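Below: one structure, written as structure tokens.
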Ligand SMILES: Cc1cc2nc3c(=O)[nH]c(=O)nc-3n(C[C@H](O)[C@H](O)[C@H](O)COP(=O)(O)OP(=O)(O)OC[C@H]3O[C@@H](n4cnc5c(N)ncnc54)[C@H](O)[C@@H]3O)c2cc1C
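In this note's numbering, the protein residues as written are 74 to 538.
Put into structure tokens, the structure is as follows:
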């Protein structure tokens, strides 16, 4: 250990090698605590390479982490070794306003990127999640997350034009157009090696820079809420809105989210007449006339599917400022993060729209049977090609019985979504096992070969997949 720490100190300086690993051994979820030997905080890609070489020479595991808020235990070190804290790699390297992409390092956060674009390229936007502003833009893309333009453009892995990564032995690799051209304009038309790093949870290499697509910022925008009284109506409306290709974002949260926003934590009850869910809808356009046409079309679709007439979030905020949390992303959903006892977990998944209602009903019933409110977040993705089902539970981490109940229900939820043809994203170790148990043997074999080729000793973020 002394030799390892000394070698790391020579790369990053003594103030960036930390013997106290405790803050990195747990996260907000029910995942059991991990263990590690040392935390190292490099500041440049060259320092990452030097650290990985040291780790490689000694045959040690390495677990990369930025904010550690993936909500699946994915950055908890499972086999000891080095925690690679990437928060100091926080440069926005380039914004290409013509080809509309940004190149960022792992420590760049959503709050930082939004502020940068607003100041330096106000005609462009990135897509933002409900994740806190201090979380990593890169980690969210590598994990195939879902953000507020994912209805139009799909899961965030698809937004990656290319990347630079350090493999387990310290080799530096590049993918995407930037491997050949000085402009990182896209992934086509090369062999698509970027996918080797998407949804792989840090097991194939440490990414040190990534090129991410930006989108033009529309001149006109309204954000709506609309109440739905049953899941069938909500699904019908989301499906129809998605299929017009005319809307930026359409999503859903069930009623417990509304109660928790106003401070309720336990004993939540849905009163008679209260809606089952609220939809959030972003309508944008390049001109006032286009916006008016889209607004009219959306109103008609909601009406046709039995959803209540929408109201503008801007109007609602005047009456109920607390809704500001849901009005603009990125945002801090403190009602989730500050739940008494600090526990937050979920099973999120992508899958076929025609099984969404049945999957939602099954998952909500499982949550209620386990004593948790029926909290669901959903969204059509990629123009309606697939949908999201994400079942959420907040809990007290100090209550062993409740933690065990969360663990059990998350396993059941993972099975339930798989039963409905859905596939968990950002799969926890437990969910990943369930996925691989059901996967085609050819998928399991190919994945094993990829890992064997890139990380034969299984040292890169071990314990995942
Ligand atoms: C309240 C709340 C709401 C959220 N809402 C959303 C949402 O709407 N949509 C969504 O997609 N996500 C959401 N998230 C999940 C998550 O916060 C984001 O996806 C986030 O961007 C992850 O960033 P992080 O810094 O926490 O990553 P970390 O947890 O630090 O890392 C995530 C994973 O990536 C690996 N990793 C990190 N850096 C690298 C690297 N450079 N190279 C290789 N592997 C790496 C880690 O080992 C880990 O496996 C939410 C989280 C919370 C707490």
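Think of the CB as a built atom: it goes at the ideal place given N, C-alpha and C, for glycine as much as any other residue.
On a predicted model such as this, the values are computed, not experimentally measured, just so you know.
Nearest residue (CA-CA) to residue i, options the options
i	options	result
residue 490	440, 406, 198 and 229	440
residue 497	485, 255, 422 and 240	422
residue 132	87, 140, 77 and 83	77
residue 409	275, 331, 320 and 432	331
residue 261	419, 249, 485 and 268	249
residue 223	276, 164, 245 and 320	320
residue 268	236, 350 and 255	236
residue 163	152, 173, 140 and 144	140
residue 352	366, 344, 296 and 405	296
residue 305	420, 227, 379 and 85	379
residue 145	480, 91, 325 and 299	480
residue 303	442, 350, 232 and 364	350
residue 413	467, 427 and 369	467
residue 156	108, 195 and 407	108
residue 396	333, 342, 363 and 359	333
residue 203	266, 391, 407 and 348	407
residue 316	370, 82 and 521	370
residue 457	516, 314 and 521	314
residue 417	478, 386 and 403	478
residue 80	473, 427, 357 and 124	124
Cα-Cα separation, residue i to residue j
i	j	result
residue 257	residue 279	19 Å
residue 100	residue 219	21 Å
residue 150	residue 533	10 Å
residue 106	residue 381	45 Å
residue 436	residue 127	45 Å
residue 344	residue 433	20 Å
residue 210	residue 112	22 Å
residue 289	residue 207	24 Å
residue 547	residue 508	Residue 547 lies beyond the range of the chain shown here (74 to 538); nothing can be said about it.
residue 171	residue 205	29 Å
residue 142	residue 471	19 Å
residue 511	residue 486	15 Å
residue 383	residue 318	19 Å
residue 285	residue 259	9 Å
residue 254	residue 393	50 Å
residue 515	residue 438	34 Å
residue 389	residue 187	24 Å
residue 465	residue 277	29 Å
residue 307	residue 448	15 Å
residue 564	residue 134	Since the first and last residues shown for the chain are 74 and 538, residue 564 lies out of range.
residue 312	residue 476	35 Å
residue 530	residue 137	17 Å
Reduced DSSP category for residue i - H, G, I as helix; E, B as strand; rest coil
i	result
residue 349	coil
residue 453	strand
residue 174	strand
residue 423	strand
residue 149	coil
residue 293	strand
residue 137	strand
residue 341	coil
residue 157	strand
residue 90	strand
residue 531	coil
residue 416	strand
residue 615	No answer is possible for residue 615: the residues shown for the chain start at 74 and end at 538.
residue 169	strand
residue 328	helix
residue 396	helix
residue 382	coil
residue 537	coil
residue 270	helix
residue 83	helix
residue 256	coil
residue 261	coil
residue 77	helix
residue 144	coil
residue 484	helix
residue 335	coil
residue 410	helix
Cutoff 8 Å: residue i Cβ touching any chain D Cβ
i	result
residue 468	Among the protein chains of the structure shown there is no chain D, as only one such chain exists.
Residue i Cβ short of 7 Å to ligand 2 heavy atom set
i	result
residue 286	Although ligand 2 was asked about, the structure shown includes only ligand 1 as ligands.
Practice problem: Note down, one range per segment and in chain order, each beta strand (DSSP E) of at least 3 residues found wholly within the stretch 487 to 522. | Solution: none
Exercise. Within the stretch 98 to 122, note down every full beta strand (DSSP E) run reaching 3 residues or more, in order along the chain.
Key: 111 to 113
Practice problem: May I ask you to verify whether the stretch 76 to 96 touches the stretch 209 to 229, counting CB pairs closer than 8 Å and requiring at least 3? | Solution: no
Quiz item: If you scan the stretch 429 to 479 from start to end, which runs of the alpha helix (DSSP H) of 4 or more residues do you find wholly inside it?
Solution: 429 to 442
Practice problem: Can you check the stretch 182 to 251 for any alpha helix (DSSP H) of at least 4 residues that lies completely inside it and give the ranges in chain order? | Solution: Listed in chain order, the complete alpha helix (DSSP H) runs (minimum 4 residues) inside the stretch 182 to 251 are 183 to 193, 210 to 215 and 223 to 226.
Exercise. At 4 residues or longer, and completely inside the stretch 274 to 326: list those alpha helix (DSSP H) runs for me, N to C.
Key: 304 to 317
Exercise. Return the chain-ordered ranges of every alpha helix (DSSP H) run that is complete within the stretch 348 to 377 and spans a minimum of 4 residues.
Key: 361 to 377
Quiz item: Should the stretch 455 to 463 be called in touch with the stretch 416 to 430, which here means at least 3 C-beta pairs below 8 Å?
Solution: yes
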